[in-house]
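The numbering used here puts the first residue of the sequence shown at 4, with every later residue one more than the last. C-beta: ideal position from N, C-alpha, C; glycine also. Since this is a predicted model, take the numbers as computed values, not measurements. First the structure, in the form of structure tokens, and then the observations on it.
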Amino acid sequence: MTLLEALATAVGSGHVVTDASMLASYETDWTGRFTGRALAAVRPRDTAQVAAVVRACADAGQPICIQGGNTGLVGGSVPVDGSIVLSLARLDAIGEVDTVAGQVTVGAGVTLARLQQHVRPLGYDVGVDFAARESCTVGGMAATNAGGERVLRYGTMRAQVLGVEAVLADGTVVSRLHGLPKDNTGYDVVSLMVGAEGTLGVLTALRLRLVPLLPARTVALVAVDDTAAAVGLVRQAREQLPSLEAAEVFFLDGVNLVRRHTALPAPFADEHPAFVLLECAGRHDPTDDLLALLESATEVRDATVASDVRGRHTLWQYREAHTESINAEGVPVKLDVAVPLRSLADFVAQLPDAIPVGRLVLFGHVNEGNLHVNVLDARDEAEAVTDAVLKLVASYGGSISAEHGVGRAKQAWLGLSRSAEEIAVMRALKDALDPNGLLNPGVLLPPA
Ligand code: FAD
Ligand code: MLT
Ligand code: ZN
């Protein structure tokens, strides 16, 4: 039996895609920068079928590219030439919410938006949220340890994932979905799989902790002088507002770019160089506390506040529409870095001179020192731009990937954030769990 016949036996021939026009959407990433030709895309519907697919590939020595919603921004979700794409999209079952524990078990292919719609009517919410919610899957979010807009309150995906079910590279199924918050019985297999970017196993199901749905919300868009002022304002907000849930930063050129691609009006009558978006949420209206902060903080040049759904959404659009607006201008070099908060302003000041070419657009999750460095018009100098920015990050003791992962885009620079000893540990884990390197080759780890 050929590999394609074995895959068809595993999932049904209708779910082995080989037609070039139908394969195209699996082969290119969200930014349009990363692409590869797949042998086929395979769409199993449950864990047993995933295991059968992986076993067939293991028997044939066939590399696998694991794909969820394909919203990843570091080239990890698209194939190297000749891989099969293993799509988890059909593993979309959502279990009943366990209201005693405040947890839920979901298939890896469930999108974040669907999960939110499922749990919110029951008074729960998902601790991680970001603009790709309609397409990104819970499996992809766990594989990348996604962060997003609420990390300051709820942590990253790792803090939400209490259990996983995964298929290893030889087809073995490892299941740990009981969700016990306290469990010290040896190596933490669950946490190991989170942030592994699909290099150690295929996540098929996840046990997630849920957070309370907070009904009263207020968003403030605040104009400030610069990055230092943004950091100063967020520090006070963190100290004074227990209801603080999000703190984002962006700049005038980013707002102008967003306005070119949306119908948004100017946010203020006057122009301002930088902006902080704050969101507070609680059981009781947090508006008065937020207004008190805005009145006392010397960093505030101007501010506008919204508590209603529509007004909040409009203010968030200035921030969340950055990613699509940047893509609308061309294929960007996207870097996703973090530096210690005390160095963020210096880092931002040095960036324009550090890049050899291109147009910078910066925004990010300011409380974590996490900046999205986007460079448009880098032409054929993407590598040189990446090298310059990541070396600057390393000089500040920062991370070359704060939330999107290393993927294919940054694996050559992993040594800037991880020691040789740490990389050796990672390689030993990879060799132990996937000795033939079939899962996501080229992702995360540089060649041996
Ligand atoms: P994919 O893109 O399909 O895959 C991402 C990686 O995970 C790949 O390496 C893939 O092989 C692996 N993978 C996927 N599913 C599995 C699985 N079931 N088992 C094992 N490995 C798997 N990210 C943030 O962290 N914070 C943000 O604020 C944020 N905002 C975004 C906004 C926009 C508009 C867009 C387009 C992206 C944003 N991202 C953000 C990046 C992206 O959405 C996240 O990385 C997301 O977690 C990827 O989920 P996905 O299902 O699309 O995964
Ligand atoms: C975001 O915070 O909006 C993202 O991580 C996406 C991006 O970097 O463009
Ligand atoms: Zn982000």
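With contacts defined as CB atoms closer than 7 Å, GLY445 and ARG421 fail to qualify as a contacting pair. At least one heavy atom of ligand 1 lies closer than 6 Å to the C-beta of ILE69. Judged by DSSP in its simplified three-state form, LYS337 adopts strand. Judged by beta-carbon spacing, VAL176 lies beyond the 7 Å limit of VAL141, meaning their Cβ atoms are not closer than that value. Classified as buried, LYS337 has 16 or more neighbouring CB atoms from the shown chains inside 10 Å of its CB. For GLN106, the pairing in a beta bridge is given by DSSP as ASP101, ARG212. For GLY440, the distance from the CB to the nearest heavy atom of ligand 1 is not below 6 Å. Under a 10 Å Cβ-count criterion, LEU255 is classified as exposed, with fewer than 16 other Cβ atoms of the shown protein chains found around its own Cβ. If only complete runs of 4 or more residues are kept, the region 115-139 shows the alpha helix (DSSP H) at 115-122, in order along the chain. Taking every protein chain shown into account, the CB of VAL428 has fewer than 16 other CB atoms within 10 angstroms, so this residue is exposed.
With a 10 Å radius around the Cβ and a threshold of 16 neighbouring Cβ atoms, PRO289 comes out buried. When C-alpha distances from ARG345 are compared across VAL237, ALA249, HIS275, the shortest belongs to VAL237. Between PHE253 and PHE366, the gap from beta carbon to beta carbon is short of 7 Å. Secondary structure of ALA387 (DSSP, three-state): helix. Rounded to the nearest whole angstrom, the C-alpha separation of GLU424 and VAL56 is 34 Å. Here DSSP, grouped into helix, strand and coil, assigns HIS325 to helix. In the three-state scheme derived from DSSP, where H, G and I count as helix and E and B as strand, GLU425 is classed as helix. In this structure the region 227-244 does not touch the region 319-339; the number of beta carbon pairs closer than 8 Å is below three.
Under the three-state reduction of DSSP, GLU242 is assigned to helix. Between the alpha carbons of GLU137 and GLY105 lies a distance of about 23 Å.
Taking non-hydrogen atoms of ligand 1 into account, the C-beta of LEU195 is found less than 6 Å away from none of them. Only buried fits PRO66, as 16 or more other CB atoms lie within 10 angstroms of its CB.
Ordered along the chain, residues surrounding ligand 3 are PHE133, GLY150, GLY151, ASP339, GLY367, HIS368, ASN373, HIS375, GLU406 [Cβ under 7 Å from any heavy atom]. Put simply, the region 255-269 does not touch the region 190-210. Fewer than three CB pairs are less than 8 Å apart. Distance from the C-beta of THR265 to the nearest heavy atom of ligand 2 is not below 6 Å. Listed in chain order, the alpha helix (DSSP H) elements of length 4 or more contained wholly in the region 175-241 are 192-196. With respect to ALA54, VAL170 sits close: the two C-beta atoms are nearer than 7 Å. Counting along the chain, no beta strand (DSSP E) covers SER86, and no H or E run does either.
Within the model, the alpha-carbon separation for GLY408 versus GLY361 is close to 23 Å. HIS264: member of the alpha helix (DSSP H) spanning 255-264, first to last residue.
With a cutoff of 6 Å, THR50 does not count as near ligand 1, since its C-beta is closer than that to no heavy atom of the ligand. For PHE366, the beta-bridge partners assigned by DSSP are PHE253, HIS375. For a cut-off of 8 Å, the C-beta gap from LEU89 to VAL45 is around 6 Å, short enough to register as a contact. In this structure, LEU76 and ASP390 do not form a Cβ contact; the two beta carbons are roughly 18 Å apart against a cut-off of 8 Å.
If you draw a straight line from the Cα of LEU379 to the Cα of LYS185, it is about 46 Å long. Collapsing the DSSP output to three states places GLY285 in a strand.
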